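Remarks on the structure that follows.
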Amino acid sequence: MPSKILEVLICTIDHRIEHALRVLLEPQPHIRYLIAWQQTSEAVLSEFALPEREDLRIIKSCGKGLAKNRNVALRNASGDILLIADDDNRYTIDYLNQILKAFERFSTADIITFQAIDMDNRPLKRYPPTSFFYHNRPKGFYISSVEIALKKEAELPFFDERFGLGADFLSCGEEEKFIEDAAKAGLEIIYVPCVIVKTPAETSGSKFHEEVGIRRSKGAILYCIHGSMGAYLRSFKYILSLRRLPLKQRYSFLKDMLTGIHYVKATS
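By UniProt numbering, the letter at position 151 of the sequence shown is numbered 151, and the numbering carries on one by one without gaps.
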């Protein structure tokens with residue numbers, strides 16, 4: 001049996017508590033669960049009979065915002081290894097054990113990122129086949145929140161609450177900002193090519209053309225990673241790559257990205 005305790009940090013809101021409870025597996029001595037349950041209405045509280053399990057804690061808070069809820073989970077976490085989770089993820093005992101094995105193998109790692117598959121067992125995206133340190137990541141590599149596991153004892157940053165689902169202006173990107181903040185703080189971040197979660201296929205990046213908040217977030221994240229000049233240059237380069245789109249639409253998309261850059265600069 002693993003010597004470390006893995007705690008799965010599941011974020012949910014309102015009636016989606018029903019979905020969060022479906023994430024739980026049969027009790028295991030080395031696995032715990034924390035559900036961070038945001039409520040936008042007190043009426044939600046009385047509608048559910050919550051299970052009583054020794055391996056489960058439910059932390060309730062008011063308001064909305066995924067990054068805010070992730071921070072509630074981090075502040076209340078107690079496991080040795082912490083896994084970032086959403087209420088529509090699905091796990092197996094083997095998946096969770098693989099996380100603990102990875103931290104045993106890479107004992108100096110503060111954060112390890114893994115792979116995810118969709119509900120049809122297809123890779124969520126194109127993953128590199130070999131392990132690497134984050135500072136040596138290949139071009140185009142990006143991390144999704146459900147791929148992230150953390151060492152509790154590390155001096156972890158918190159999620160930037162300007163970003164993420166439910167935020168006022170920037171509707172995604174909280175995981176990229178979190179990882180970048182961790183890297184700048186000197187934490188050791190490693191990628192391991194191992195599947196740890198099954199999750200719905202759609203990612204925020206696939207909605208770039210549809211949602212203005214995602215376009216603003218892309219510009220904002222480019223600023224956080226590359227600074228002003230780097231963000232401007234990469235925004236222009238990205239828009240130029242969208243050759244099939246009408247010029248007017250590309251201009252509109254660029255304007256959204258630049259708005260994101262200006263917003264995060266003004267609020268930093």
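Ideal placement from N, C-alpha and C gives every residue a C-beta, glycine not left out. Since we're looking at a predicted model, the values are computed, not measured.
Integer Cβ distance of residue i from residue j, believed to fall under 8 Å
i	j	result
I190	F133	6 Å
V8	A116	Actually they do not touch by this definition, with Cβ atoms about 14 Å apart.
L124	S144	7 Å
residue 271	A102	The question about residue 271 has no answer, for the chain in this structure spans 1 to 268.
P200	M119	6 Å
G230	I261	Incorrect: roughly 10 Å between the Cβ atoms, too far for contact.
A149	L74	Their Cβ separation, rounded to whole angstroms, is 13 Å, which puts A149 and L74 out of contact at 8 Å.
I58	L66	Not confirmed; about 17 Å, so no contact.
G166	K255	So it is not a contact: roughly 24 Å between Cβ atoms.
Proximal residues to residue i (C-beta, below 7 Å), its chain only, five neighbours per side dropped
i	result
T267	R162
K60	W37 and Q39
A77	E7, L9, L34 and K152
A79	Rather than Ala, the amino acid found at residue 79 in this sequence is Gly. So the qualifying residues of the chain are I5, L6, E7, R32 and K152.
L187	D110, I111 and A154
Q98	C194 and I196
C62	Q39
Classification of residue i by the beta-carbon crowding that lies within 10 angstroms, buried from 16 upward
i	result
D94	exposed
A182	buried
N136	exposed
Q38	buried
E54	exposed
D168	exposed
Y33	buried
Y257	Rather than Tyr, the amino acid found at residue 257 in this sequence is Met. By the 10 Å Cβ count, M257 comes out buried.
A109	buried
L21	buried
S41	exposed
E202	exposed
E176	buried
F253	buried
L156	buried
Y263	buried
Three-state secondary structure (DSSP) of residue i
i	result
V197	strand
L24	coil
L66	helix
R215	helix
residue 281	Only positions 1 to 268 of the chain appear in the structure, and residue 281 is not among them; the question remains open.
I179	helix
Y134	helix
Y33	strand
residue 302	Any property of residue 302 remains undetermined from this structure, which presents the chain solely from 1 to 268.
A185	coil
A220	helix
E7	strand
K151	strand
I143	coil
Same chain, Cβ closer than 6 Å to residue i, five either side skipped, listed in chain order
i	result
G173	F163, S217 and I221
T69	Here residue 69 is Asn; the residue named in the question, Thr, does not match the sequence. So the qualifying residues of the chain are C11, A36 and Q38.
K248	none
I179	I143
E147	T113, F114 and A116
residue 291	In the structure as shown, the chain begins at 1 and stops at 268. Residue 291 is therefore absent and cannot be evaluated.
residue 279	Lying outside 1 to 268, the shown extent of the chain, residue 279 is not represented and no answer is given.
F158	N71
S228	none
Residue i: CB within 8 Å of a non-hydrogen atom of the ligand GDP
i	result
G186	Of the ligands one can find in the structure shown there are none, so the ligand GDP has no counterpart to examine.
Own chain residues within Cβ distance below 8 Å of residue i, not counting five before or after
i	result
V197	A85, N89, R90, Y91, Y95, F114, A116, I117, V146 and E147
residue 340	What the structure shows of the chain is the stretch from 1 to 268, and residue 340 is not part of that stretch, so it cannot be assessed.
I81	K4, I5, L6, E7, I99, L100, F103, A149, L150, K151 and K152
T130	P193
H19	T12, D87 and D88
Interface flag, residue i vs chain D, CB-CB below 9 Å
i	result
K151	The structure shown contains no chain D; it is built from a single protein chain.
Sequence ranges, beta strand (DSSP E) only - wholly within the UniProt domain "Glycosyltransferase 2-like" (41–128), length at least 3: 56–62, 81–86 and 111–117
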